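Encoded as structure tokens, the structure appears first; notes follow it.
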Amino acid sequence: MDGIQNQIDPGNPVDFDSSDSSSLSDVSFSKAKTVAQVPYSLERSLEALDNDREFLTRTGVFSDSLLDAHIRLKYDKEIMPLREGPTPKEFELYYNV
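Start counting the sequence shown at 14; every next residue gets the next number (the working numbering).
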């Protein structure tokens, strides 16, 4: 709905699967870089939500306080705990000595 109301041009359709590296081998770099990317992590998704929330609060279905609480909960329960411990790669590199 946000794209319709703000008349955001979705661009031309693409004829390759950006998640399939074999299909990307036939695509030029200049063509591939024109494809919009979605946030690559939960943290980047929450930042995007925080920066562009007006379309969710416009009708009153979601309030700023609800979105703030949701973002804070996701940070506290899902992002921060992962930062407090080793990653699987760190565990592999340093704990299997």
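All residues carry an ideal CB built from backbone N, CA and C; glycine is no exception.
What you are looking at is a predicted structure, and each value in this text was computed from that prediction instead of being measured.
Q. Got a sec, what are the start and stop residues for the alpha helix (DSSP H) P94 sits in?
A. 93-96
(Q) Going by C-alpha to C-alpha distance, which of K90, S58, E60, D65 sits closest to D15? (A) D65 is the residue among K90, S58, E60, D65 whose C-alpha sits nearest the C-alpha of D15.
Q | Collapsed DSSP secondary structure at N64 in the structure displayed | A | helix
Q. Would you call the segment 96-106 and the segment 65-79 touching, i.e. three or more CB-CB distances under 8 Å?
A. Output reads no: the segment 65-79 does not touch the segment 96-106.
Q.
Any beta carbon of chain B sitting closer than 8 Å to that of R96?
A. No chain B is present in this structure, which holds just one protein chain.
Q: Could you have a look at S78 and say whether DSSP puts it in helix, strand or coil?
A: helix
Q. H83: which of N109, N25, E103, L55 sits nearest, CA to CA?
A. L55
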